[in-house]
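Participant:
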Ligand code: IPM
Ligand code: MG
């Protein structure tokens with residue numbers, strides 16, 4: 017099994033180091049190969065997604081990704097900006113299905129900005145379509161307006177679009193995922209205003225006919241944003257487009273206490289995937305050794321489960337994370353009075369220790 021390791025920018029390298037440490041202690045035979053991506057790759061070779069990095073990602077069985085981006089690249093032409101690396105990987109690897117679970121660990125109920133009773137036991141799954149929508153729609157650009165409110169002035173435009181097969185395949189992913197959990201899907205759209213999302217709603221409804229055992233409801237995105245902070249536990253699986261999914265998944269992440277806790281998986285049609293924390297590169301805290309590595313460590317667990325067929329190893333990582341939280345260890349983003357503040361490396365070491373301890377337990381019994 018070959019894993020491409022792409023640390024990227026900002027806190028990316030620090031948190032990926034911890035996830036790699038955790039993978040290595042599992043005693044499975046992986047080959048890990050690293051390559052630069054994002055701003056780091058731009059600095060090294062003039063492009064955020066060098067050919068060699070893309071080739072490595074294509075050849076690997078799975079990709080472990082850190083984060084990309086830094087304000088210092090904001091002035092570059094868009095094709096050279098770090099974000100193009102992750103967008104390019106999603107596009108070239110066909111990673112259309114993005115899983116963003118938002119689980120509130122019992123130990124962190126008090127770290128959420130919402131009242132504990134609203135988030136205790138929260139377990140929702142956002143499935144975001146990842147290779148279509150206004151993110152990738154053409155044409156886009158700047159031009160002189162020929163109509164609208166101010167003809168003759170400069171304007172910018174993007175194209176929101178979804179084809180039937182794109183909606184069908186993500187709808188299947190959502191219904192199948194719901195079958196393995198609470199059996200409910202909420203499809204989030206803006207059908208009251210946008211043609212693209214009326215079509216989305218119609219196609220999701222059609223696909224639903226093949227899943228009579230799954231309950232489907234539809235919600236407008238503005239209402240979904242409100243319900244996420246009002247009564248998040250009412251959701252089971254949320255399926256939505258690329259843009260709405262980007263926004264709602266950040267909101268959902270915060271419900272769990274910190275975006276530093278949220279893993280994600282982006283899969284192609286064969287379940288090959290790229291695994292990354294849901295948070296970004298956080299350049300403001302890069303290099304300080306205080307970033308929370310748990311989202312990346314949990315992403316490595318998702319990788320073992322979804323792409324590498326090692327569900328038991330995934331369970332071991334997840335139990336270890338739960339154990340260190342129970343022991344009171346907290347990076348600053350999830351710290352509260354009475355818990356023990358640790359840095360990135362200490363947190364990673366603690367997860368490794370917890371895995372080693374359970375391994376010994378297994379051998380003994
Ligand atoms: C995410 C990020 C990306 C996105 C950026 C970095 C391009 O916000 O993965 O949610 O918008 O998809
Ligand atoms: Mg985002």
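Residue numbers (our numbering): 17 to 381. Cβ coordinates follow ideal geometry from the N, Cα and C atoms, glycine included. Note that the structure is predicted; figures quoted are calculated from it, not measured.
Could you tell me if residue 87 is buried or exposed, where buried requires 16 or more neighbouring beta carbons within 10 angstroms of its beta carbon?
Facilitator: Exposed.
Participant: DSSP three-state call for residue 376: helix, strand or coil?
Facilitator: Helix at residue 376.
Participant: Answer with buried or exposed for residue 372, where buried requires no fewer than 16 other C-beta atoms within 10 angstroms of its C-beta.
Facilitator: With fewer than 16 Cβ atoms within 10 Å of its Cβ, residue 372 is classed as exposed.
Participant: For residue 170 and residue 156, I'd like the C-alpha separation in whole angstroms.
Facilitator: Whole-angstrom Cα-Cα distance: 14 angstroms.
Participant: Helix, strand or coil: which one does DSSP assign to residue 117?
Facilitator: Note: residue 117 maps to strand in three-state DSSP.
Participant: How about residue 145: is its Cβ closer than 7 angstroms to a heavy atom in ligand 1?
Facilitator: For ligand 1, not one heavy atom lies less than 7 angstroms from the Cβ of residue 145.
Participant: With 16 other CB atoms within 10 Å as the buried threshold, where does residue 221 fall?
Facilitator: Result: exposed.
Participant: Which runs of the alpha helix (DSSP H) fall wholly inside the region 287-322 and span at least 4 residues, in chain order?
Facilitator: You should have 310-322.
Participant: Helix or strand or just coil, what does DSSP make of residue 50?
Facilitator: If DSSP states are grouped into helix, strand and coil, residue 50 belongs with the strands.
Participant: Do you know offhand how far residue 62's Cα is from residue 51's?
Facilitator: Each residue's alpha carbon lies about 14 angstroms from the other.
Participant: State the DSSP-derived secondary structure class of residue 135, mapped to helix, strand or coil.
Facilitator: In the structure shown, residue 135 sits in a helix (DSSP, three-state: H, G or I).
Participant: Confirm the yes/no value for this check: CB of residue 102, any heavy atom of ligand 1, distance under 7 angstroms.
Facilitator: Flag set: Cβ of residue 102 near ligand 1.
Participant: Hey, out of 288, 265, 230 and 284, whose CA is closest to residue 278's CA?
Facilitator: Taking only the C-alpha atoms, the option nearest residue 278 is 265.
Participant: Could you check the C-alpha separation between residue 101 and residue 112 for me, to the nearest Å?
Facilitator: Going by the C-alpha atoms only, they are around 16 angstroms apart.
Participant: What separation, rounded to the nearest whole angstrom, lies between the Cα atoms of residue 186 and residue 255?
Facilitator: When rounded, the distance between both Cα atoms is 8 angstroms.
Participant: Within the present structure, is the beta-carbon of residue 25 separated from the nearest heavy atom of ligand 2 by less than 7 angstroms?
Facilitator: Checking every heavy atom of ligand 2 against the Cβ of residue 25, none is found closer than 7 angstroms.
Participant: Which residues end up in the neighbourhood of ligand 2 when you take C-beta atoms closer than 6 angstroms to any of its heavy atoms?
Facilitator: The filter returns 262 and 266, in chain order.
Participant: Within 10 angstroms of its Cβ, does residue 226 collect 16 or more other Cβ (buried), or is it exposed?
Facilitator: The residue is exposed, with fewer than 16 neighbouring Cβ atoms inside 10 Å.
Participant: For a minimum of 4 consecutive residues, which ranges assigned as the alpha helix (DSSP H) are wholly contained in the region 158-222?
Facilitator: As far as the region 158-222 is concerned, its whole alpha helix (DSSP H) runs of at least 4 residues are 180-195.
Participant: Taking only the alpha-carbon atoms, compute the straight-line gap between residue 366 and residue 191 and give it to the nearest angstrom.
Facilitator: Rounded to the nearest angstrom, the two C-alpha atoms are 37 angstroms apart.
Participant: Check whether the Cβ atoms of residue 315 and residue 334 lie closer than 8 angstroms to each other.
Facilitator: Going by C-beta atoms, residue 315 is not nearer than 8 angstroms to residue 334.
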